[in-house]
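Remarks on the structure that follows.
Protein chains: 2
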Amino acid sequence: MKMTTPKLQDMLLDATEAVVARQGIANLTLDAVAAEARMSKGGLLHYFPSKDRLVEALVIRTADGWRSCYTEAYERTPEGPGRMARALLDHCLSDAKCWTEELRRSSSAVFAALAQNPALIQPMRAVYADLHRRIAKDGLPPGVAEAVAAAIDGLWLDWVLGIVPLEQVRVVRVRRALEDMLARATQDRRSPRANGASRKRSKGRRV
Amino acid sequence: MKMTTPKLQDMLLDATEAVVARQGIANLTLDAVAAEARMSKGGLLHYFPSKDRLVEALVIRTADGWRSCYTEAYERTPEGPGRMARALLDHCLSDAKCWTEELRRSSSAVFAALAQNPALIQPMRAVYADLHRRIAKDGLPPGVAEAVAAAIDGLWLDWVLGIVPLEQVRVVRVRRALEDMLARATQDRRSPRANGASRKRSKGRRV
DNA sequence: GACACCAGACCGGCCGGACGGTATTCTTCA
DNA sequence: TGAAGAATACCGTCCGGCCGGTCTGGTGTC
Numbered sequence: 006m007k008m009t010t011p012k013l014q015d016m017l018l019d020a021t022e023a024v025v026a027r028q029g030i031a032n033l034t035l036d037a038v039a040a041e042a043r044m045s046k047g048g049l050l051h052y053f054p055s056k057d058r059l060v061e062a063l064v065i066r067t068a069d070g071w072r073s074c075y076t077e078a079y080e081r082t083p084e085g086p087g088r089m090a091r092a093l094l095d096h097c098l099s100d101a102k103c104w105t106e107e108l109r110r111s112s113s114a115v116f117a118a119l120a121q122n123p124a125l126i127q128p129m130r131a132v133y134a135d136l137h138r139r140i141a142k143d144g145l146p147p148g149v150a151e152a153v154a155a156a157i158d159g160l161w162l163d164w165v166l167g168i169v170p171l172e173q174v175r176v177v178r179v180r181r182a183l184e185d186m187l188a189r190a191t192q193d194r195r196s197p198r199a200n201g202a203s204r205k206r207s208k209g210r211r212v
Numbered sequence: 006m007k008m009t010t011p012k013l014q015d016m017l018l019d020a021t022e023a024v025v026a027r028q029g030i031a032n033l034t035l036d037a038v039a040a041e042a043r044m045s046k047g048g049l050l051h052y053f054p055s056k057d058r059l060v061e062a063l064v065i066r067t068a069d070g071w072r073s074c075y076t077e078a079y080e081r082t083p084e085g086p087g088r089m090a091r092a093l094l095d096h097c098l099s100d101a102k103c104w105t106e107e108l109r110r111s112s113s114a115v116f117a118a119l120a121q122n123p124a125l126i127q128p129m130r131a132v133y134a135d136l137h138r139r140i141a142k143d144g145l146p147p148g149v150a151e152a153v154a155a156a157i158d159g160l161w162l163d164w165v166l167g168i169v170p171l172e173q174v175r176v177v178r179v180r181r182a183l184e185d186m187l188a189r190a191t192q193d194r195r196s197p198r199a200n201g202a203s204r205k206r207s208k209g210r211r212v
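Chains as they are written, first to last, in our numbering: chain A, 6 to 212; chain W, 6 to 212.
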């Protein structure tokens, strides 16, 4: 099997991300990418025969990166219930190493795809489907691991979209809260008698 | 004070959302919006002198809608610690009423703005800043209310972006888990001696 | 000379927006 | 009251520019 994205292709994808980061999705044009990569448009189109293919490759690279990120985190996490959730918390919500400008760039590739052609996010959908499958059988009470994943997604997307500014302390606070929830859920598993508050719903108030 | 968006403007914004929903952000053109609204391009440009202004108005409308959504939910929620978090859970994660196709449309306005001109999402940023201010003084242990808000954002954005398909049962599971967390946090507040697991961190493992 | 790699001119189409025009309503003053 | 004229609401054409993609050609390498 042949590696589909040797060095040059990868460099072109980097250039694409750089254009998006600096000039916005609206200015993601073939000319701009070619200029960023110091190559002619003909050269660019030699490697990616259309803009759709270019963006598609970008999405695939981002999706693969995200998949290998959480799978490696999973490998490095001790076994036991909530292993995937713990992996996400430890790795994706760590203080400094994540949340770099580079990660932000690669993420906004997805939005470029969404603007270019919504069908192109399919690879990302597939990765998320895999992640949710892993999360579903994480050995925790239903919803707990999913809540952790959703919260991480929320922090992450809010940040990438520029809706909320990045605030390390906030990330840390949320991580602590989620870790507490995980710990509670795990010890409930062990002594299920103790979760008296579990089914307490607010009384059936009209919305 | 004059109402800035009388009926016709609102109708044009509806048309804009419809175009985005049906043809995608890439095909959001003035001609398309005018055609959707059964008006000439000249007429459209009479009300919104540029495309930027059109998208800006759309974002403002969406942001206002979101703000009044959670403020009204807040009003209808009984007092006490975690009021804002409970309001979000009860109202924004309710089974059926939310998560309509209409809401999805109005949300994707933000992505249209992001593609058109990232500066245009400022109104949405302001609304989120307000929400986070409310959440910060919600009377809960630090991070708990923020985790709830982040999880809701995550579910919501994953759905709007089309990254994960809509699955009611998943939403319900997450809501239950978050409600448990809220209940735990509240009773900890009342008897802080009981949160023995709170500070339990996974041992300092290298990432 | 066959092939991979790359350059850059070129084209057709589309899009934002300017502009001049018309119909309708509102204001003003005799 | 009603005519004149101003303001407003809306129309549709046109233009300049940009963008994706094609094409022709040029270079090095086997």
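Beta carbons: idealized from backbone N, C-alpha and C, even for Gly.
This structure is a prediction, so every number in the text was calculated from the model and none was measured.
So, are the CB atoms of residue i and residue j less than 8 angstroms apart?
{"i": "residue 143 of chain W", "j": "residue 86 of chain W", "result": "yes"}
{"i": "residue 110 of chain W", "j": "residue 22 of chain W", "result": "yes"}
{"i": "residue 151 of chain A", "j": "residue 175 of chain W", "result": "yes"}
{"i": "residue 123 of chain A", "j": "residue 29 of chain W", "result": "yes"}
{"i": "residue 214 of chain W", "j": "residue 63 of chain W", "result": "The structure shown does not extend to residue 214 of chain W, since chain W is modelled only from 6 to 212, so the question has no answer here."}
{"i": "residue 91 of chain W", "j": "residue 13 of chain W", "result": "no"}
{"i": "residue 49 of chain A", "j": "residue 17 of chain A", "result": "yes"}
{"i": "residue 94 of chain A", "j": "residue 180 of chain A", "result": "yes"}
{"i": "residue 99 of chain W", "j": "residue 165 of chain W", "result": "no"}
{"i": "residue 121 of chain W", "j": "residue 60 of chain W", "result": "yes"}
{"i": "residue 46 of chain W", "j": "residue 35 of chain W", "result": "yes"}
{"i": "residue 78 of chain A", "j": "residue 96 of chain A", "result": "yes"}
{"i": "residue 81 of chain A", "j": "residue 135 of chain A", "result": "no"}
{"i": "residue 145 of chain W", "j": "residue 155 of chain A", "result": "no"}
{"i": "residue 104 of chain A", "j": "residue 171 of chain A", "result": "yes"}
{"i": "residue 168 of chain W", "j": "residue 168 of chain A", "result": "no"}
Are the C-beta of residue i and some C-beta of chain A separated by less than 8 angstroms?
{"i": "residue 205 of chain W", "result": "Legend: pLDDT at residue 205 of chain W = 40, less than 50; position of this residue unreliable, no value from coordinates given."}
{"i": "residue 25 of chain W", "result": "no"}
{"i": "residue 72 of chain W", "result": "no"}
Is DSSP giving residue i helix, strand or coil here?
{"i": "residue 43 of chain A", "result": "coil"}
{"i": "residue 49 of chain A", "result": "helix"}
{"i": "residue 13 of chain W", "result": "helix"}
{"i": "residue 55 of chain A", "result": "coil"}
{"i": "residue 136 of chain W", "result": "helix"}
{"i": "residue 67 of chain W", "result": "helix"}
{"i": "residue 21 of chain W", "result": "helix"}
{"i": "residue 34 of chain A", "result": "coil"}
Of all Cβ atoms in chain W, is any one closer than 8 angstroms to the Cβ of residue i?
{"i": "residue 30 of chain A", "result": "yes"}
{"i": "residue 37 of chain A", "result": "no"}
{"i": "residue 8 of chain A", "result": "Note that residue 8 of chain A scores 42 on pLDDT, short of 50, meaning its location in the model is unreliable; the coordinates nonetheless yield the value given after this. Not one chain W Cβ lies under 8 angstroms of residue 8 of chain A."}
{"i": "residue 15 of chain A", "result": "no"}
{"i": "residue 133 of chain A", "result": "yes"}
{"i": "residue 186 of chain A", "result": "yes"}
{"i": "residue 137 of chain A", "result": "yes"}
{"i": "residue 199 of chain A", "result": "Annotation note: pLDDT 42 at residue 199 of chain A (below 50); position unreliable, no value reported."}
{"i": "residue 147 of chain A", "result": "yes"}
{"i": "residue 64 of chain A", "result": "no"}
{"i": "residue 151 of chain A", "result": "yes"}
{"i": "residue 169 of chain A", "result": "yes"}
{"i": "residue 88 of chain A", "result": "no"}
{"i": "residue 189 of chain A", "result": "yes"}
{"i": "residue 130 of chain A", "result": "yes"}
{"i": "residue 209 of chain A", "result": "With a pLDDT of 35 at residue 209 of chain A, under the threshold of 50, the modelled position of that residue is not reliable, and the figure given next carries that caveat. Residue 209 of chain A does not count as touching chain W."}
{"i": "residue 202 of chain A", "result": "Only weak support exists for where residue 202 of chain A lies, its pLDDT of 42 falling under 50; the coordinates are left without a value."}
Got a sec: does the ligand ADP put a non-hydrogen atom nearer than 7 angstroms to the Cβ of residue i?
{"i": "residue 153 of chain W", "result": "For the ligand ADP, the structure offers nothing, since it holds no ligand at all."}
Residue ranges of each alpha helix (DSSP H) run of no fewer than 4 residues wholly in the segment 79 to 129 of chain W, ordered along the chain? 88 to 97, 106 to 121
Can you give, in chain order, each stretch of the alpha helix (DSSP H) that sits fully within the segment 140 to 184 of chain W and has at least 4 residues? 149 to 166
Mind listing which residues of the segment 96 to 127 of chain W have their C-beta closer than 8 angstroms to chain A's C-betas, in chain order? 96, 99, 102, 115, 116, 119, 120, 121, 122, 123, 126
Along the segment 153 to 167 of chain A, what residues have a CB closer than 9 angstroms to any CB found in chain W? Within the segment 153 to 167 of chain A, contact with chain W at the beta-carbon level (separation under 9 angstroms) is assigned to 153, 154, 155, 156, 157, 158, 159, 160, 161, 162, 163, 166, 167.
Could you name the residues of the segment 171 to 183 of chain A whose beta carbon sits closer than 7 angstroms to any beta carbon of chain W, in the order they occur along the chain? 175, 178, 179, 181, 182, 183
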